[in-house]
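Residue numbering for the sequence shown follows numbering that gives the first Met the number 0, beginning at 0 and increasing consecutively.
Quick reminder that beta carbons are idealized off the backbone N, C-alpha and C, glycines included.
Here the structure is a predicted model, which means the values were calculated and not measured.
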Amino acid sequence: MRTESFHADDLAKALRRSKIATMPELKKALGTEVDVTVFRKLKQLAYRTSYSHRGSYYTLDETAHFDQNGLWSYQSVWFSRYGTLLDTAQAFVENSSAGHFAEELDHLLHVGTKEPLLRLVQHERVTREPVDGLYLYCSMNPVLRKRQLLARHVLQAEPTLAGSLVKAEVVSDELKAAIVLLLLFSSVLDEKQRRLYAGLESLKLGYGGDQRIAEFIGMDPHTVAKGRRELLEQDLAIDRIRKAGGGRKPLKKKRPKSSPESKN
0 MRTESFHADD LAKALRRSKI ATMPELKKAL GTEVDVTVFR KLKQLAYRTS YSHRGSYYTL
60 DETAHFDQNG LWSYQSVWFS RYGTLLDTAQ AFVENSSAGH FAEELDHLLH VGTKEPLLRL
120 VQHERVTREP VDGLYLYCSM NPVLRKRQLL ARHVLQAEPT LAGSLVKAEV VSDELKAAIV
180 LLLLFSSVLD EKQRRLYAGL ESLKLGYGGD QRIAEFIGMD PHTVAKGRRE LLEQDLAIDR
240 IRKAGGGRKP LKKKRPKSSP ESKN
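And the structure:
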């Protein structure tokens with residue numbers, strides 16, 4: 000009986016040593032000229048293929064340290080927690096608070112996404128809506144799509160903010176949603192409330208939050224800092240939120256009426 004001469008451990012050692020590798024490199028490490036042999040051994044390992052470079056690079060799951068967007072790169076080769084480029088593009092569209100234009104997704108994924116997005120639309124995995132002469136790629140879920148379009152229209156009404164979000168390397172979806180909410184309700188919030196809300200989002204970001212929030216919403220960084228300090232100092236009085244005289248009126252104790260007999 001022929002003994003197995005190829006071992007998955009040889010692939011694992013090669014991948015740990017180089018972090019990423021192509022199929023020719025893996026075949027050399029395994030000592031074979033057959034792709035199928037490599038794939039058979041890879042199945043015994045927890046591995047991923049790159050979504051950039053047409054999926055021609057491989058790495059071990061233990062090697063990939065994904066960022067908060069679910070991406071990891073090594074030597075300009077990109078890998079995703081979501082898998083292929085199609086799956087990654089779909090996940091980014093689905094998880095976005097305001098949908099994505101192709102140019103935005105190109106920037107976020109560091110690869111061209113126009114063709115993958117078109118394929119996703121053709122396979123009804125995402126949808127697209129015309130916004131200001133461009134296609135905005137949105138979720139197939141009608142409720143989510145409506146929210147994304149509403150948020151996008153708010154962003155488009157604030158060109159400076161929209162540009163800042165596109166240029167930012169990492170902007171959490173929670174932050175985008177918070178900024179959109181601030182813009183949506185800015186007409187009904189007074190100056191104090193806007194300052195406090197901006198200060199709250201700055202606190203969530205931590206170091207440098209004042210400047211980032213200020214750039215996003217067009218507010219002076221000192222104003223954001225003031226709101227943040229007021230929150231930290233708990234400078235919130237109920238009478239500044241509730242109008243004077245509002246609320247429940249104090250109850251008066253009723254005196255029992257005296258009967259005619261008691262008077263006698």
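For residue i, the three-state DSSP class (helix, strand or coil)
| i | result |
| --- | --- |
| Tyr196 | helix |
| Leu59 | strand |
| Arg127 | strand |
| Leu149 | helix |
| Phe5 | coil |
| Thr112 | coil |
| Thr21 | strand |
| Leu10 | helix |
| Lys242 | Here Lys242 scores only 49 on pLDDT, less than 50, and its place in the model is too uncertain to base an answer on. |
| Lys42 | coil |
| Arg15 | helix |
| Asp209 | helix |
| Phe65 | coil |
| His106 | helix |
| Asn263 | Because Asn263 carries a pLDDT of 48, less than 50, the predicted location of this residue cannot be relied on, and no value is offered for it. |
| His52 | helix |
| Asp189 | coil |
| Ile237 | Confidence at Ile237 is low in this model, with a pLDDT of 41, below 50, so the placement of that residue is unreliable and no value is reported for it. |
Where the beta strand (DSSP E) through residue i begins and ends
| i | result |
| --- | --- |
| Val33 | Where Val33 is concerned, there is no enclosing beta strand (DSSP E), given that its DSSP letter is neither H nor E. |
| Leu134 | Looking at the sequence provided, one finds Tyr at residue 134 rather than Leu. Start and end: Leu133 to Cys137. |
Beta-carbon spacing of residue i, residue j below 8 Å
| i | j | result |
| --- | --- | --- |
| Tyr136 | Gly198 | no |
| Ala28 | Ala13 | yes |
| Ser201 | Arg227 | yes |
| Thr270 | Phe5 | Nothing about residue 270 can be reported from this structure: the residues present for the chain run from 0 to 263 only. |
| Ser55 | Thr21 | yes |
| Lys42 | Leu10 | no |
| Leu204 | Arg211 | yes |
| Leu104 | Asn68 | no |
| Ser17 | His109 | no |
| Pro91 | Leu133 | At residue 91 the sequence reads Phe, which differs from the Pro that was named. Result no, Cβ atoms of Phe91 and Leu133 do not sit closer than 8 Å. |
| Leu195 | Leu230 | yes |
| Phe124 | Gln89 | Strictly speaking, residue 124 in this sequence is Arg, with Phe absent from that position. Result yes, Cβ atoms of Arg124 and Gln89 sit closer than 8 Å. |
Identified DSSP bridge partners for residue i
| i | result |
| --- | --- |
| Ser96 | Bridge partners of Ser96: none, in fact. |
| Arg47 | Thr58 |
| Val76 | Tyr73 |
| Tyr81 | According to DSSP, which records beta bridges pairwise, Tyr81 is partnered with nothing at all. |
Alpha helix (DSSP H) segment containing residue i, residue limits
| i | result |
| --- | --- |
| Gly226 | Pro220 to Leu231 |
Minimum Cβ-Cβ distance from residue i to chain B less than 8 Å
| i | result |
| --- | --- |
| Val153 | Absence of chain B from the displayed structure is noted, only one protein chain being present. |
Distance cut-off 7 Å: residue i Cβ against heavy atoms of the ligand GTP
| i | result |
| --- | --- |
| Phe100 | Summarising the ligand content, the structure contains no ligands, and the ligand GTP is consequently not present. |
The stretch 64-84 in contact with the stretch 120-132 per 3-pair CB rule at 8 Å
no
Meets three-Cβ-pair contact criterion under 8 Å: the stretch 88-104 and the stretch 52-65:
no
Check whether the stretch 105-119 and the stretch 82-90 touch, using three or more Cβ-Cβ pairs below 8 Å as the test.
yes
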